Structure formats: structure tokens, C-alpha cells
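These notes are about the structure you will find just below.
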Amino acid sequence: MAFRKALKRTAIVGGGAVAAIFGLSQLVEYRKTQLRLAHVAAEAALKVPFADELPSRAAQLGALQNTEEFDILIVGGGATGAGCALDAVTRNLKTALVERNDFSAGTSSRSTKLIHGGVRYLQKAIMKLDYEQYMMVKEALHERANLLEVAPHLSAPLPIMLPVYKWWQLPYYWAGIKMYDLVAGIQCLKSSYVLSKSKALELFPMLKKDKLVGAIVYYDGQHNDARMNLAIAISAARYGAVMGNYTEVVNLLKKKDEGGQEKVCGARCRDVLTGQEFDVRAKCVINATGPFTDSLRKMDDDQTQNICQPSAGVHIVIPGYYSPDNMGLLDPATSDGRVIFFLPWEKMTIAGTTDTPTSVTAHPLPTENDINFILSEVRNYLSPDVEVRRGDVLAAWSGIRPLVTDPASKDTQSICRNHIVNISPSGMVTIAGGKWTTYRSMAEETLDAAVRFHSLEATPAKTVGLMLEGGRDWTPTLYIRLVQDYGLEQEVAQHLASTYGGKAFEVAKMAQVTGQRWPIVGKRLVSEFPYIESEVLYAMKEYACTAIDVIARRTRLGFLNVQAADEALPRIVEIMAKQLGWSNDRKTEELEAARKFLYYEMGYRSRSEQLTKTSEINLDYQEVIRYKKRFHKFDKDNKGFITTVDVQTVLQSINVQIDENALHDILNEVDLNKNGQVEIDEFLQLMSAVKKGQVSDSRLAILLKTAEESLDQREPVSVDRSGGGV
Numbered sequence: 035m036a037f038r039k040a041l042k043r044t045a046i047v048g049g050g051a052v053a054a055i056f057g058l059s060q061l062v063e064y065r066k067t068q069l070r071l072a073h074v075a076a077e078a079a080l081k082v083p084f085a086d087e088l089p090s091r092a093a094q095l096g097a098l099q100n101t102e103e104f105d106i107l108i109v110g111g112g113a114t115g116a117g118c119a120l121d122a123v124t125r126n127l128k129t130a131l132v133e134r135n136d137f138s139a140g141t142s143s144r145s146t147k148l149i150h151g152g153v154r155y156l157q158k159a160i161m162k163l164d165y166e167q168y169m170m171v172k173e174a175l176h177e178r179a180n181l182l183e184v185a186p187h188l189s190a191p192l193p194i195m196l197p198v199y200k201w202w203q204l205p206y207y208w209a210g211i212k213m214y215d216l217v218a219g220i221q222c223l224k225s226s227y228v229l230s231k232s233k234a235l236e237l238f239p240m241l242k243k244d245k246l247v248g249a250i251v252y253y254d255g256q257h258n259d260a261r262m263n264l265a266i267a268i269s270a271a272r273y274g275a276v277m278g279n280y281t282e283v284v285n286l287l288k289k290k291d292e293g294g295q296e297k298v299c300g301a302r303c304r305d306v307l308t309g310q311e312f313d314v315r316a317k318c319v320i321n322a323t324g325p326f327t328d329s330l331r332k333m334d335d336d337q338t339q340n341i342c343q344p345s346a347g348v349h350i351v352i353p354g355y356y357s358p359d360n361m362g363l364l365d366p367a368t369s370d371g372r373v374i375f376f377l378p379w380e381k382m383t384i385a386g387t388t389d390t391p392t393s394v395t396a397h398p399l400p401t402e403n404d405i406n407f408i409l410s411e412v413r414n415y416l417s418p419d420v421e422v423r424r425g426d427v428l429a430a431w432s433g434i435r436p437l438v439t440d441p442a443s444k445d446t447q448s449i450c451r452n453h454i455v456n457i458s459p460s461g462m463v464t465i466a467g468g469k470w471t472t473y474r475s476m477a478e479e480t481l482d483a484a485v486r487f488h489s490l491e492a493t494p495a496k497t498v499g500l501m502l503e504g505g506r507d508w509t510p511t512l513y514i515r516l517v518q519d520y521g522l523e524q525e526v527a528q529h530l531a532s533t534y535g536g537k538a539f540e541v542a543k544m545a546q547v548t549g550q551r552w553p554i555v556g557k558r559l560v561s562e563f564p565y566i567e568s569e570v571l572y573a574m575k576e577y578a579c580t581a582i583d584v585i586a587r588r589t590r591l592g593f594l595n596v597q598a599a600d601e602a603l604p605r606i607v608e609i610m611a612k613q614l615g616w617s618n619d620r621k622t623e624e625l626e627a628a629r630k631f632l633y634y635e636m637g638y639r640s641r642s643e644q645l646t647k648t649s650e651i652n653l654d655y656q657e658v659i660r661y662k663k664r665f666h667k668f669d670k671d672n673k674g675f676i677t678t679v680d681v682q683t684v685l686q687s688i689n690v691q692i693d694e695n696a697l698h699d700i701l702n703e704v705d706l707n708k709n710g711q712v713e714i715d716e717f718l719q720l721m722s723a724v725k726k727g728q729v730s731d732s733r734l735a736i737l738l739k740t741a742e743e744s745l746d747q748r749e750p751v752s753v754d755r756s757g758g759g760v
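My numbering numbers the first residue of the sequence shown as 35 and each following residue consecutively.
Dropping the structure here:
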């Protein structure tokens, strides 16, 4: 007891003081004890009504319609809204949540995937002596540690390198990063360290060598954001919260109190999928709608002043070979002063983000200017040996940050990322601003305010240390049991373990037998990604209602590779249709909606238009001659175009078999005027785009080149230069 009292007094000074007094080993042991106590306190006396089986969406909507009155109704199913639901239900409050789209459909699935305290905010706090910014960083670092503990399958520490190109910057950046460690105190993930130039290049060989002085490496957390959001929402449902996705608030319900003043007492809701409307009554309504915060506030009072200024953040995904497997990169000073991250994620590389004012929309689009800005900045700090090609962008997305702002602010960079809790005269509680990392503390503060204002009977918050869906039974070696018990491929087993945690066994049980010697079960949706068909079945248990839900948020295929997602869509729709009884018309609608989502919101349009926009053929004379020669090996009749029949004939002559439908798709990528044939100008346009890096991984270009090489090898070897000898 004396030890704990002394430690509590010392902790006010910070983690560094604690470590100095008690030593590192005692500090580590104390931290473990503290976390164990947090878990015990969080889960003590908590009932889990749906530990075995989640209620279906139909059951959830039934509960929304038939419950006389909830204590709390939360509007918004992003990280903050789901966090509020989990906080409320674990305080023994009768809780409901409605979301007009899918859980995490907005900003919460479109983040940089970092769980961080905010290195750049700490710099501002120190340089400007801004105490609010300092406390925001300190709070975020505490939340970072908690999130890594409660969802170990979905998150992990990630080292991030800060390259230094000027000698004077080395001590400056080192002092700032060390201060970051110090503020984290006992919750510091790992100590930062300095690297020499040679060591930095050894760890990050793609880095630009010229003028490199050295580098500093610090640690933050990384997570699968959409899956994390879903884990929070499902955890709330397990504890008894009524969670309704695709449930839109049409208007707010109000009644007059004893003083004659109107008070919010619920919402008129509509099932987006069926159009059915119904009332949901509640003692308190919480507005957690992110970028749409002001829309709901104006539904309450159309004269209220805006408190959010939306800012667009665009990210791109490029192949994994652009970065090491386990080392990120931070560019602290881009050409226009914004910070760019360059991070490995799901065996790909994420680069971003931009930070530009935008208007609020449910479907933000990545622009070509933003994509090219990120690519330009990436080129600045990668070695000239690494050709950064526009055609390597596999996906791109835009997320809208709901920044809290003063209407007098001139730009979004200077806006504080902190949050505010506001209660309107009618009693509606609004939580606005903040960031992913601090969702839990934001939820706790919001519920504290709601409980006080509405005089609700509730216990204190229990979410510190409360394990999220899948986290309790996860271990780093869980995937081995999946391989041994079910005969899954190792890559697939690792993916299931890191996505579903202890629930991975449920997904494995649903996997179909492949009929092959190995793997025994687990048919992949696409060959190069570890997503399997049984995940589509499990996604529907996790409230997935559309094909977009599956490719974007239950799996992350749409965020990783739009072409692969497009390829997987027909099978995904087929599985869902069989399970949900969709008609042929509904299947067609789902395919079209999902492809529209990929085309506009995931950057497929920008990727596919790289060829159509290339009006000039930028090839020299020798290149034109070479590519025409290649083309005419397939256009043997000199028609000026080639068809699937022409290509199939050549392939058969070299004993290569390709499915006719697949071959049609390959040619269709290049068939700009969609007339069923690839003309010579279209082919030269393709090769010009490949040369400039606007298009990469063109299946037709690679197929024709490979076939030409095979044909050339079969031609008789000339013996003229040997004098015609034997």
C-alpha cells in the first residue's frame, strides 16, 4: 500500500521520475500489475448477455422499435459513437446506437492507421507554450497504451524513422522525440534512438542517400482502423447495446418539460434498406456524427452556429516493396509544410495524408492533384534508384476530419485537433473533434456530461482495460493452432488471427474444403490476398449488409487494391445472395454499387483514366518500330487491330492457355473506344503510358512481351557469321 501511495505521488512528475526512483524492472512489473488491475476492474460485475451469439440485425431493429425508452441514444457509428455505446452500456445504461450507413463507413475507416500521441502537436505545444496541446498529447499517449492492450490482435507498436539531412536538425529532432518519450512516461512503447547514415540505409534501403546525416527512430502504434471500429461496436452489442447500422435519423423528437421548454427525447428513424420508419425514444441523445455534427445540431436548432470545419485527408496505397516490412517513415517538412507519413500496412505501403479544407459529403473522392502531390513528396525522400510511378497507385481514398474550429480560423493546419463536448438548450449532447486514438476518453467525457446533465443512474466508466472483441483469447502464436487444427495456409491463418483474434476459429470452422492436398480448407477470394470465402459468411454475422461492407470494412481489399477487389466482387455477391436470398436484380444492383464505390471513392477512376487521358504518344522512333513489330506478331493480317482470337492463336502456338473470358478482360483494359478490338494507336498509347510510369502491371503489355520473347526463341538461329559451319 505504501509503495502504491508513493508511486501515485511520484507519477505526477512523470514516467521519467518513476523510472529513476524504482528502476526499469520494477517499472515494467508495476505497469503489468497496473494493467492487470485495470482488466479486473473493467470486467468486474459486467454481464455479457450475448457472449455466445450476437443478435441479428433484424433483432436489433426490433429492439429499437419495441423498447419503450432508452437511457442513451447515440447517433453515429464511427469510432467515437461506438466508443460512447460501449462506455454507456458498461455503466448499466440502457443504450442504443443508430448509424445511417455501415459502422466505420466514414472517417474512421479512412485514417492513416496510426494510434499516436501526435509528435507534431507536441512540437507546437513546446514552441508556443501551449498547455492545451501538451495535455492533448499526454492524453493521447495514455489512450495509445490502452488501445494496444485491449485489442492486441488489431494493433501493434510500429517504429517510424525520421530522416535527417542537416546536422543542426539532429539534436533538435532528437530533443523533440525524447520529449515525446518522456511525456509518455511509463506508457512509452519503446525508447527512441539515433541511427548513423549507414545504419539508417541498412534499415530503410529505399531512402535517398544524398546529404543524409542520420535518422531518429521513435515508436507509435498502428492498427486496422475499420476492424477496430467494428470490434468496439460488436463489443457494445455483446454487452447489450442495441446497435443499428443502415438506420438513419429523419428528425429529432421533442417534448416540453415542466418549465415549458422543448427537450430532445429521441429520434424518428428510418431503415435505409427497407424504408420503414419508427420512433426511438431516449432520455438523452448523443450526437457523434463526425463531419456531420453540424447537420444534426441544426436539426435540433437551425440557428445554431457551426463548430466543425471539415478537412480532407487523402491517402494512397502503393506496393509493399516501396517500404521495409516493419519500418515507417515521417517527412516532417513537405514542400508546403504538411507532414507526410509513409507506412507499411497489410503488406502494402500507405502514403499520406493531405490536409485541405473541403465541404461535407458522404462520399469524399481522392483527387488527382492530391495523389500527384503525395507521389511528388515520396520521390523527394526515396532513392533515385526507386522509380515512383503513378501507375503503382493501387488504391486511393479521402477521409474528412471533423476538426473543431473557431470561425475566425484562416486555415486547417492551425486548428487544434482536440475535442469539445457541448450540450444544447434542448439537452442534446454533442461530441465533436478529437482523433481516432482518443475515442475512448472522448466517450468517457461525453457520458460523464450526459449522466450529470440528465441525472441518469450510472456507474463510473469501466472501459480502461476492457478487452475488445477478439482480444481476450488472442496470443501471438494463435495462428499455429489454426494451421494445425484446420489445415489453413500459414498466410491465411496469420491474417485470420490478426483480424479476428480469438474469434478466428469461428471463421475457420465456416471455411470450405478446397479439395486440394494443401491447404485443406480456405478458398481465397483472390490469389494474392489472404482473404477467404468464409469471411464473407462471417461478415454477415458482423452486420455486413452490402458487398461494399465486405470489400471495404469487414475485409480491407477495396482499400488495398481496387482491381483485386473488383475481381473478387462477383464471388462475394454470389455468397451473400445465397445467404440473404437476393434476387438477380438485387445482385446486379450490389455489383454496380460496389463497382461505383471502387471507381469513385477508392481511386479506380484515377487509376483507369491514366491511359485514356494520355493523348500523346511519347515514344522515340526506335521504340515505335519495336512496339509495332511486337504488335504485328499478333496482327498477322495487318488489319491494324488485334482481337482475342488473334492473341489466343499466338498463345496456343507457344502452348500457353488462357481462359477466353480472362483474355477478353485483359484486352478490354486497353480497348479505349470499347469496340472489341485493340488498335495499333491504342497499343502505342499503352506502351507510352507504361514508359512514363502512368500505367504499371498492364496485363496486355506483359502478356505480349512474354509471348514475343517465346516466339523469338523458337526462330532458327542464323549461322551466317560463322561462315556456315556445322
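Just so you know, even glycine gets a beta-carbon here, dropped at the ideal spot from N, CA and C.
Owing to the predicted nature of the structure, the values given are computational and were not obtained by experimental measurement.
Are the beta-carbon atoms belonging to residue i and residue j less than 7 Å from one another?
{"i": "alanine 322", "j": "threonine 114", "result": "yes"}
{"i": "alanine 316", "j": "leucine 522", "result": "no"}
{"i": "aspartate 761", "j": "proline 353", "result": "The structure shown does not extend to residue 761, since the chain is modelled only from 35 through 760, so no value can be given for it."}
{"i": "serine 187", "j": "glycine 535", "result": "The sequence given here has histidine at residue 187, not serine. Against a cut-off of 7 Å, the Cβ pair of glycine 535 and histidine 187 comes out as a contact."}
{"i": "alanine 430", "j": "glycine 294", "result": "no"}
{"i": "isoleucine 454", "j": "valine 463", "result": "no"}
{"i": "threonine 387", "j": "threonine 146", "result": "yes"}
{"i": "alanine 477", "j": "cysteine 118", "result": "yes"}
{"i": "tyrosine 415", "j": "lysine 242", "result": "yes"}
{"i": "alanine 346", "j": "threonine 392", "result": "yes"}
{"i": "aspartate 328", "j": "leucine 286", "result": "no"}
{"i": "tyrosine 520", "j": "alanine 531", "result": "no"}
{"i": "alanine 599", "j": "leucine 632", "result": "yes"}
Considering residue i, what are the terminal residues of the beta strand (DSSP E) in which it resides?
{"i": "glycine 278", "result": "276–279"}
{"i": "tyrosine 655", "result": "Unbroken run through tyrosine 655 is the alpha helix (DSSP H), 655–666; no beta strand (DSSP E)."}
{"i": "alanine 159", "result": "Element bounds for alanine 159: not the beta strand (DSSP E) but the alpha helix (DSSP H), 153–161."}
{"i": "valine 109", "result": "104–109"}
The ligand FAD and residue i: does the residue's C-beta get closer than 6 Å to at least one heavy atom of that ligand?
{"i": "tyrosine 577", "result": "For the structure depicted, the ligand FAD is absent and the ligand set is empty, with no information on it obtainable."}
Check each candidate in the options and name the one with the smallest Cα separation from residue i.
{"i": "lysine 290", "options": "Phe563, Cys299 and Gly140", "result": "Cys299"}
{"i": "phenylalanine 675", "options": "Leu653, Asp693 and Val704", "result": "Val704"}
{"i": "leucine 697", "options": "Ser489, Ile659 and Ile736", "result": "Ile736"}
{"i": "proline 378", "options": "Met361, Arg660 and His349", "result": "Met361"}
{"i": "aspartate 305", "options": "Met574, Glu716, Val132 and Arg620", "result": "Val132"}
{"i": "tyrosine 356", "options": "Phe375, Gln546 and Ser345", "result": "Phe375"}
{"i": "lysine 224", "options": "Tyr252, Val526 and Lys231", "result": "Tyr252"}
{"i": "lysine 128", "options": "Val319, Leu571, Met333 and Val217", "result": "Val319"}
{"i": "arginine 424", "options": "Gln518, Arg590, Ala396 and Val351", "result": "Val351"}
Can you tell me the Cβ-Cβ gap for residue i and residue j, rounded? I've got them flagged as a contact below 8 Å.
{"i": "lysine 662", "j": "isoleucine 714", "result": "7 Å"}
{"i": "valine 438", "j": "alanine 466", "result": "6 Å"}
{"i": "leucine 734", "j": "isoleucine 700", "result": "5 Å"}
{"i": "alanine 159", "j": "leucine 502", "result": "About 30 Å separates the two Cβ atoms, so there is no contact after all."}
{"i": "valine 184", "j": "tryptophan 208", "result": "Their Cβ separation, rounded to whole angstroms, is 32 Å, which puts valine 184 and tryptophan 208 out of contact at 8 Å."}
{"i": "asparagine 452", "j": "glutamate 166", "result": "6 Å"}
{"i": "glutamine 94", "j": "valine 276", "result": "5 Å"}
{"i": "serine 732", "j": "leucine 720", "result": "6 Å"}
{"i": "alanine 85", "j": "arginine 272", "result": "6 Å"}
{"i": "valine 394", "j": "proline 344", "result": "5 Å"}
Please report the straight-line C-alpha distance between residue i and residue j, rounded to a whole angstrom.
{"i": "aspartate 336", "j": "proline 83", "result": "40 Å"}
{"i": "leucine 738", "j": "asparagine 709", "result": "20 Å"}
{"i": "asparagine 406", "j": "isoleucine 585", "result": "25 Å"}
{"i": "glutamine 711", "j": "phenylalanine 668", "result": "12 Å"}
{"i": "proline 398", "j": "glutamate 635", "result": "6 Å"}
{"i": "glycine 615", "j": "leucine 307", "result": "14 Å"}
{"i": "alanine 190", "j": "isoleucine 149", "result": "9 Å"}
{"i": "leucine 500", "j": "isoleucine 220", "result": "19 Å"}
{"i": "methionine 170", "j": "proline 564", "result": "38 Å"}
{"i": "arginine 515", "j": "glycine 556", "result": "15 Å"}
{"i": "alanine 270", "j": "leucine 88", "result": "11 Å"}
{"i": "lysine 245", "j": "methionine 195", "result": "16 Å"}
{"i": "valine 422", "j": "valine 412", "result": "8 Å"}
{"i": "lysine 172", "j": "glutamate 623", "result": "48 Å"}
{"i": "glutamine 747", "j": "valine 690", "result": "15 Å"}
{"i": "valine 541", "j": "glutamate 742", "result": "45 Å"}
Tell me where the alpha helix (DSSP H) around residue i begins and ends.
{"i": "isoleucine 805", "result": "There is simply no residue 805 to check, as the chain begins at 35 and stops at 760 in what is shown."}
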